[in-house]
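Here's the structure, in structure tokens; my notes come after.
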Amino acid sequence: MDLEDQWDHRETKGKRGFRELQERMELLVSMVRRASQVSEVLQVYLECMGLQGRLEVEVLRGRKV
């Protein structure tokens with residue numbers, strides 16, 4: 037293997053490594069986005085459940101809602 041072949045091999049290996057890193061970063065970004073969406077949905081759900089719980093307590097106490 038001459039010097040030019042070694043250079044081509046390194047360049048190919050470097051591009052493949054960069055592409056793998058880029059794919060992993062894209063996957064990580066999508067996972068973080070999904071997690072934040074789940075967090076937002078959960079927060080809204082908990083807020084709604086909290087409101088529902090308060091309404092039920094008011095109804096049980098005989099107050100108009």
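For what it's worth, the working numbering labels the leading residue of the sequence shown as 37, then goes sequentially.
Beta carbons are placed, not taken as given, at the ideal position from N, Cα and C, and that holds for glycine.
Coarse secondary structure for residue i, derived from DSSP in three states
i: R52; result: helix
i: R97; result: coil
i: D38; result: coil
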